Amino acid sequence: MTAVTFIYGPMKSGKTARLIGDYYALSDNHTVAVVRPALDTRSPDGRVKSRNGSELNCYVFRNNAELMAHIDKSQCDVLLIDEAQFLASQTVLDLVRLSLDTGCQIRFYGLMTDYKGNTFSAAETITRFAQKLEPLFADCECGEPAQFTKFTGDTQGRTIIVGHDQSYFPVCTRCFLEPA
Ligand SMILES: [Zn+2]
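The numbering of the sequence shown is the numbering used here, which starts it at 22 and goes up by one.
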C-alpha cells in the first residue's frame, strides 16, 4: 500500500478538484479526514474550494498539536492535506512517522515550486518520503503543458503571497525560462 503520496502541480492544475474527487472515491471504504494549514487565506471558513465549483469541509490547523489532535479525534485511515507546500518540514516528517506507526495513508496536495521556480521546503521533504509522485499540469498560454507558476503582481520581496489569485498564472518550462 502506498503510505505517502504527493500530488503536485502549478496554480490552476486542478489540485483541489482532484482532492475533492479523491475524497468521494475513498470515502466508500475509508475514514477520510481533510485538512489544510492556516496560512492560506482564500477560504478562511474551513472549506476546500476548487475552481470548478465543488467544495468540501476541511479542518484548518494552526500548528502540529492541533493537527495531531484532529487526526486522533477523527480516527481517519486516510488523510488528505490541501496547500501542503505551506506545511513546516517538521510537520511533514511527523506525518510520515504517523503513517508508519498507524498505517494511515497520507496524501499531500500542493505546489512543488514557488513563482521563482524554487522548490518549497515542505515539497522537497514530501518528495523525499513519498512512495508515489503524481504531477498535474495546467495549460500554458502557448498551448504547452504548464508546470510552473508565474506571479505578475508586486511581490514586495515575499516568497509566499496568498490571496492574489488573479496575479498568478501557470506557464510551461519555456515560457518560465524565456519570458516573452
Ligand atoms: Zn508556454
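Where a beta carbon is used, it is the ideal one built from N, C-alpha and C, also for glycine.
These figures come from a predicted structure and were not determined experimentally.
Inter-residue spacing [alpha-carbon to alpha-carbon] between residue i and residue j
i      : j      : result
Gly74  : Ala38  : 9 Å
Gly42  : Glu162 : 26 Å
Val99  : Asp122 : 13 Å
Tyr29  : Met133 : 6 Å
Val53  : Leu88  : 14 Å
Gln152 : Asn139 : 22 Å
Ile198 : Lys137 : Reading off the sequence, residue 198 comes out as Leu, not Ile. Computed Cα separation, rounded: 10 Å.
Arg72  : Asp93  : 31 Å
Pro58  : Val69  : 12 Å
Asn50  : Phe150 : 25 Å
Residue i: first and last residue of the uninterrupted alpha helix (DSSP H) it sits in
i      : result
Asp131 : Sequence inspection shows Gly at residue 131; the Asp mentioned does not correspond to that position. Here Gly131 belongs to no alpha helix (DSSP H); instead the beta strand (DSSP E) covers Gln126 to Gly131.
Arg149 : Ser142 to Phe150
Phe172 : Segment Phe169 to Phe172 is the beta strand (DSSP E) holding Phe172; no alpha helix (DSSP H) there.
Lys94  : Asn85 to Ser95
Leu114 : Ser110 to Thr123
Ala59  : That residue, Ala59, is in no alpha helix (DSSP H); it is neither H nor E in DSSP.
Thr52  : That residue, Thr52, is in no alpha helix (DSSP H); it is neither H nor E in DSSP.
Phe197 : Thr194 to Leu198
Residue i classed as buried or exposed, judged by whether at least 16 other C-beta atoms fall within 10 angstroms
i      : result
Glu104 : buried
Gly174 : exposed
Ser48  : exposed
Leu208 : The shown model of the chain, from 22 to 201, leaves out residue 208, and the question about it has no answer.
Thr23  : exposed
Lys171 : buried
Tyr45  : exposed
Gly131 : buried
Ala16  : Beyond the ends of the chain as shown, which are 22 and 201, falls residue 16; an answer cannot be given.
Ala90  : exposed
Per DSSP, cross-strand counterpart(s) of residue i
i      : result
Phe158 : DSSP, once it has assigned bridges, lists no residue as partnering Phe158.
Tyr80  : Val56
Phe190 : Lys171
Tyr29  : Gly131 and Pro156
Ile102 : Val56 and Phe129
Cβ-based neighbour list, residue i, same chain, cut-off 6 Å, excluding 5 preceding and 5 following
i      : result
Leu60  : Phe107
Ile127 : Val25, Leu100, Leu116 and Ser120
Ala159 : Pro31, Lys33, Ser34, Ala167 and Pro191
Ile147 : Phe27, Val113 and Phe129
Unbroken beta strand (DSSP E) run spanning residue i, endpoints
i     : result
Arg68 : Arg68 to Lys70
Thr23 : No beta strand (DSSP E) holds Thr23; DSSP gives it neither H nor E.
Cutoff 7 Å; reference residue i; Cβ partners in own chain excluding five residues on either side
i      : result
Cys97  : Thr52, Val53, Ala54 and Cys125
Val81  : Arg57, Ala59 and Gly67
Ser110 : Ser142, Ala143 and Thr146
Residues of its chain near residue i, where Cβ-Cβ distance is below 8 Å and the 5 sequence neighbours each way are ignored
i      : result
Cys193 : Cys161, Cys163, Glu165, Pro166, Ala167, Gln168 and Phe169
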